[in-house]
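These notes are about the structure you will find just below.
Residue numbers (full-length UniProt numbering): 1 to 545.
As structure tokens, then:
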């Protein structure tokens, strides 16, 4: 259709809309998360977490690979197809979205009486069926946003849909709170449904405006539409891979926790998972992926595209994602307990190490969509299916650990093993089949920077917390002791609650960020070519790492 559809100018405009929308929606989402955990009692919040996990799992099951299908072929249609051809293709995708959401919800409606007893939630049948309305509308809204608007680089409409959904949800909950003085699980479901309806309408409006504007665009002469068999083969491979991977997803682990550990453990772990999801969602490899992926695919399928360009860009995105993630990990390992207590209003206590170890899974997870994109672009998506099949062997591990009374550590250990195994298979396969080369040196330098930052900050924390106890007399006694302080003493200092938590969190954040940037400046994890590419995109010569 248009040669400038995925130009640098179009990408820059879409990127600005994307970042503004994501910043707004992230603040709103965090506000909703913190407000809900404070408004609902611990049992109702645990049930709400289970409902949300069920929604996410159901949306993955009824997606049928549409997100990957559209991310691969919508850029090609927009670049080469006539306006009428693009309209027909989008309408087919939209029909699939409506049918899958409706039929999936209908199937769940009739199977609820058999599913809920497995989670000890038989008494919530009516509320669970009410939540299916949210599933229908959220399936429509999210697929419109992720499967159609984002691959078309219509980030303005896509992000507005998400923002307006969150605003309406907050307004409805605020109205209910003012009217009756409290918010129940039923009220939270109604508020979410109202927000999803408004968000779906806004997304559909944006799609209609775009299609009407481009309905008369000419296509590329001689271009042939891909066969639907080829299109659905790509979707099927990625759908099977994702479906198998969902057996080891956080949603399934929430179901296991609800079944074996009870609703209170579900509420705590659900809160950790929600924070985990927010961090994951706003890593560059995920935050910018709906923006970057169409550009990557478009550059590969265009006449000037090549695997070398895709390889270089994929490595760069992966390293940028680690550059953002690793200082966050260092910060959480230092402040996890205090941060969780403050955000939850004191409801989630002594869970800092759970959260810190849970975040380790983000290291391989931050690289997964990048590796998957390279495989899909090279028509090797079947590798993802095989990797998923192998990685589900960690599910029996989680079950065995749960029945062996390892508690919530069971899920964390299983998740780390699953993500690491999956990515290892992708890296090995893509290295030998697609001429993909991982920048091992750059990644090791990033990890060295993060570890050095954590150790220096941990030492600073020990000195800070032990400073009031270090009088001249006991300092001399400590120096003359035959053995140095044991690890239990040092660990106790690391776990000691500071007198002023907010000041401690702020100072630690500044210290972690400053040390990470300084050590990174000395080590230089990014190559000169990569730094030049980033500075060119920023129009400033400020990226010096």
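Backbone N, C-alpha and C fix where the C-beta goes; we use that ideal spot for every residue, glycine too.
With three or more beta-carbon pairs closer than 8 Å as the criterion, would you say the region 245-263 touches the region 31-38? Judged by Cβ distances under 8 Å, the region 245-263 makes no contact with the region 31-38, as fewer than three pairs qualify.
Please state if the CB of residue 191 and the CB of residue 176 are separated by a distance shorter than 8 Å. Here residue 176 refers to the residue found at position 176 when the chain shown is read from its first residue. Here residue 191 refers to the residue found at position 191 when the chain shown is read from its first residue. Yes, they are a contact pair.
Hey, residue 229 and residue 198: beta-carbon distance below 8 Å or not? For the purposes of this step, residue 229 is taken as residue 229 along the chain shown, with counting starting at 1. For the purposes of this step, residue 198 is taken as residue 198 along the chain shown, with counting starting at 1. Not closer than 8 Å, so no.
Am I right that residue 394 and residue 418 are in contact with their C-beta atoms under 8 Å? What's the rounded C-beta distance? For this step, residue 394 is matched to residue 394 along the chain shown. For this step, residue 418 is matched to residue 418 along the chain shown. That belief holds up - the Cβ atoms of residue 394 and residue 418 are roughly 4 Å apart, short of 8 Å.
Nearest-angstrom Cβ-Cβ length linking residue 115 and residue 124, presumed shorter than 8 Å: Numbered from its first residue, the chain shown carries residue 115 at position 115. Numbered from its first residue, the chain shown carries residue 124 at position 124. Not a contact, Cβ separation roughly 11 Å.
With 16 as the cutoff for other CB atoms within 10 Å, does residue 528 come out buried or exposed? Taking the first residue of the chain shown as position 1, residue 528 is located at position 528. Classification for residue 528: exposed.
So, with DSSP's three-state summary, where would you put residue 222? Position 222 of the chain shown, counted from the start, is the residue given in the question as residue 222. Here residue 222 sits in coil by DSSP.
Would you call the CB atoms of residue 59 and residue 274 closer than 8 Å? The residue given as residue 59 occupies position 59 in the chain shown. The residue given as residue 274 occupies position 274 in the chain shown. Cβ atoms of residue 59 and residue 274: not closer than 8 Å.
Can you tell me which of 432, 67, 89, 44 puts its alpha carbon nearest to the alpha carbon of residue 147? Numbered from its first residue, the chain shown carries residue 147 at position 147. The shortest C-alpha separation from residue 147 is found at 67.
Helix, strand or coil for residue 215 per DSSP? Along the chain shown, one-based indexing puts residue 215 at 215. If DSSP states are grouped into helix, strand and coil, residue 215 belongs with coil.
DSSP three-state assignment for residue 80, whether helix, strand or coil: Looking up residue 80 in the chain shown gives position 80. Looking at residue 80 - three-state DSSP - the assignment turns out to be helix.
Measure the C-alpha to C-alpha separation of residue 585 and residue 376 and round it to an integer number of angstroms. In the structure displayed, the chain extends from 1 to 545; residue 585 sits before or after that span and is not available.
Per-residue DSSP class, three states only, for residue 381: The residue given as residue 381 occupies position 381 in the chain shown. If DSSP states are grouped into helix, strand and coil, residue 381 belongs with coil.
Which one of 401, 379, 140, 268 has the shortest CA to CA distance from residue 337? By one-based count along the chain shown, residue 337 stands at place 337. Considering only alpha carbons, the answer is 268.
Check the C-beta distance from residue 112 over to residue 92 and give it rounded, since I have them as a contact under 8 Å. Here residue 112 is taken as the residue at index 112 of the chain shown, counted from 1. Here residue 92 is taken as the residue at index 92 of the chain shown, counted from 1. Wrong, their Cβ atoms sit about 31 Å apart, outside the cutoff.
With DSSP collapsed to three states, give me the class of residue 120. Within the chain shown, numbered from 1, the residue matching residue 120 stands at position 120. Three-state DSSP puts residue 120 in coil, outside helix and strand.
With distance defined between alpha-carbon atoms, name the residue in 332, 353, 287 nearest to residue 321. Taking the first residue of the chain shown as position 1, residue 321 is located at position 321. Residue 287 is the option with its Cα nearest to residue 321.
Member of 153, 23, 181 whose CA lies at the smallest distance from the CA of residue 210: The residue given as residue 210 occupies position 210 in the chain shown. Residue 153 is the option with its Cα nearest to residue 210.
Output the distance between the C-alpha atoms of residue 212 and residue 205, rounded to the nearest integer angstrom. The sequence position of residue 212 within the chain shown is 212, counting from 1. The sequence position of residue 205 within the chain shown is 205, counting from 1. Each residue's alpha carbon lies about 11 Å from the other.
Would you mind sorting residue 75 into buried or exposed? The rule is 16 or more other CB atoms within 10 Å of its CB. As a first step, residue 75 is located in the chain shown; it is residue number 75 there, counting from the start. It counts as buried.
For residue 525, I'd like the list of residues in its chain whose CB is within less than 8 Å of its CB, leaving aside the five on either flank, ordered along the chain. The sequence position of residue 525 within the chain shown is 525, counting from 1. Answer for residue 525: 319, 323, 442, 443, 445, 446, 449, 545, listed in chain order.
Does any residue of chain E have a CB that is nearer than 8 Å to the CB of residue 333? Absent here is chain E; the protein component of the structure consists of one chain.
By a C-beta neighbour count over all protein chains shown, 10 Å radius and 16 as the cutoff for buried, is residue 142 buried or exposed? Locating residue 142 in the chain shown gives position 142, where the first residue counts as 1. Residue 142 is buried by the Cβ-count criterion.
I'd like to know whether the C-beta atoms of residue 17 and residue 162 end up nearer to each other than 8 Å. What you label residue 17 is simply residue 17 of the chain shown in a count that begins at 1. What you label residue 162 is simply residue 162 of the chain shown in a count that begins at 1. Contact: no.
Local Cβ density within 10 Å of residue 9, reported as buried at 16 or more and exposed below that: For the purposes of this step, residue 9 is identified with residue 9 of the chain shown, where counting begins at 1. Classification of residue 9: exposed, given that the 10 Å Cβ count is below 16.
Can you give me the C-alpha to C-alpha distance between residue 383 and residue 54, rounded to a whole angstrom? Counting from 1 along the chain shown, the entry for residue 383 is found at position 383. Counting from 1 along the chain shown, the entry for residue 54 is found at position 54. Answer to the nearest angstrom: the Cα atoms are 27 Å apart.
Proximity winner among 96, 85, 150, 135, relative to residue 106 (alpha-carbon distances): Indexing the chain shown from 1 puts residue 106 at position 106. Among 96, 85, 150, 135, the Cα nearest to that of residue 106 belongs to 135.
For residue 237 and residue 276, I'd like the C-alpha separation in whole angstroms. Sequence index remark: in the chain shown, residue 237 carries index 237 (1-based). Sequence index remark: in the chain shown, residue 276 carries index 276 (1-based). Their backbone Cα atoms lie some 27 Å apart in a straight line.
From residue 543 to residue 521, what does the alpha carbon distance come to, in whole angstroms? Start at 1 with the first residue of the chain shown, and residue 543 comes out as number 543. Start at 1 with the first residue of the chain shown, and residue 521 comes out as number 521. Roughly 9 Å between the two C-alpha positions.
Can you give the Cα-Cα distance for residue 137 and residue 503, rounded to whole angstroms? As a first step, residue 137 is located in the chain shown; it is residue number 137 there, counting from the start. As a first step, residue 503 is located in the chain shown; it is residue number 503 there, counting from the start. If I take the Cα positions, the gap works out to 42 Å.
Distance between residue 65 and residue 223 (C-alpha atoms, nearest Å): Residue 223 sits at position 223 when you count from the first residue of the chain shown. Residue 65 sits at position 65 when you count from the first residue of the chain shown. Their backbone Cα atoms lie some 25 Å apart in a straight line.
Can you tell which of 532, 378, 182 has the C-alpha that lies nearest to the C-alpha of residue 308? As a working mapping, residue 308 is identified with position 308 in the chain shown. Residue 308 has its Cα closest to that of 378, out of 532, 378, 182.
How long is the line joining the alpha carbons of residue 20 and residue 396, rounded to whole angstroms? Taking the chain shown and counting its residues from 1, the one referred to as residue 20 is at position 20. Taking the chain shown and counting its residues from 1, the one referred to as residue 396 is at position 396. Cα to Cα, residue 20 sits roughly 42 Å from residue 396.
Scan the region 10-63 and note each continuous alpha helix (DSSP H) run of 4 residues or more that stays entirely inside, going in chain order. 42-61
Would you mind reading off the limits of the alpha helix (DSSP H) that contains residue 271? Translated into the one-based positions of the chain shown, residue 271 becomes position 271. Counting along the chain, the alpha helix (DSSP H) containing residue 271 begins and ends at 263-281.
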